[in-house]
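These notes concern the structure reproduced below.
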Amino acid sequence: MHKDTRCPCNSGETYSSCCGRYHQGFNDPEVPLWPGTAETLMRSRFSAFAANRPDYLLATWFQDTRPAELELDTDMVWRSLEIVNTEAGGPFDSTGVVEFIARYKQGKKTGAQHEVSSFVRANGRWYYLDAAD
Ligand SMILES: [Zn+2]
């Protein structure tokens with residue numbers, strides 16, 4: 001994904017100044033860059049689907065629920081993200097919940113995934129846990 005493209009998460013920022021900096025910097029051996037809130041992590045994970053970055057998705061997945069490997073469906077074009085609601089998930093919380101609607105196109109069909117995701121903070125980093133009930 002080009003750095004000057006509009007960020008897929010609909011923040012209104014460019015990719016490189018929004019989610020792209022986490023995709024670029026999360027595994028920096030000097031100063032790793034990690035989203036500071038559950039919502040920012042959620043946005044950057046949505047953008048990782050859009051930018052085909054399974055490495056980032058696995059790295060930000062909590063170890064207990066993380067799949068061994070992840071192959072993204074390249075048919076799915078993730079088009080927009082709408083954050084519906086957030087609970088906790090701030091820098092001083094240990095858990096967070098983000099409800100969102102992610103819209104995609106697959107071939108000629110469009111669809112939307114409405115999900116309530118749970119996040120946990122471990123060792124100062126937010127991780128995706130699972131889809132909440
Ligand atoms: Zn973004």
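Heads up: the sequence shown begins at 1 in the UniProt record's numbering, then just goes up one per residue. For each residue, glycine too, the CB sits at the ideal point set by N, CA and C.
beta-carbon residue i near ligand 1 non-hydrogen atom, thresh 7 Å
| i | result |
| --- | --- |
| Arg43 | yes |
| Trp80 | Note on identity: in this sequence residue 80 is Ser, with Trp being the wrong assignment. No - ligand 1 has no heavy atom lying nearer than 7 Å to the Cβ of Ser80. |
| Ser16 | no |
| Glu69 | no |
| Ser11 | yes |
| Ser47 | yes |
Contact set for residue i: own chain, Cβ-Cβ below 8 Å, skip 5 residues either direction
| i | result |
| --- | --- |
| Thr5 | Thr14 and Tyr15 |
Cutoff 6 Å; reference residue i; Cβ partners in own chain excluding five residues on either side
| i | result |
| --- | --- |
| Asp75 | Gln106 |
Pairwise C-alpha distance: residue j and residue i
| i | j | result |
| --- | --- | --- |
| Glu71 | Val98 | 24 Å |
| Thr37 | Lys109 | 33 Å |
| residue 135 | Gly20 | Because the chain is modelled from 1 through 133, residue 135 falls outside the range shown and cannot be assessed. |
| Ala88 | Arg121 | 11 Å |
| Met42 | Tyr128 | 8 Å |
| Leu81 | Asp73 | 18 Å |
| Phe49 | Gly90 | 23 Å |
| Ser17 | Ser11 | 10 Å |
| Thr86 | Phe100 | 9 Å |
| Asn52 | Pro8 | 12 Å |
| Val77 | Pro29 | 31 Å |
| Phe26 | Glu69 | 18 Å |
Identified DSSP bridge partners for residue i
| i | result |
| --- | --- |
| Tyr104 | Trp78 and Gly111 |
| Tyr128 | Trp61 and Phe119 |
| Gly96 | Ala88 and Phe119 |
| Arg6 | Thr14 |
Selection from the options that minimises the alpha carbon distance to residue i
| i | options | result |
| --- | --- | --- |
| Phe119 | Tyr104, Asp64 and Glu82 | Asp64 |
| Asn84 | Gln113, Leu58 and Thr60 | Reading off the sequence shown, one finds Val at residue 84, where the question assumed Asn. When only C-alpha atoms are compared, the closest one is Gln113. |
| Arg125 | Arg103, Gly111, Glu115 and Thr95 | Thr95 |
| Asp93 | Asn123, Ser44 and Asn27 | Asn123 |
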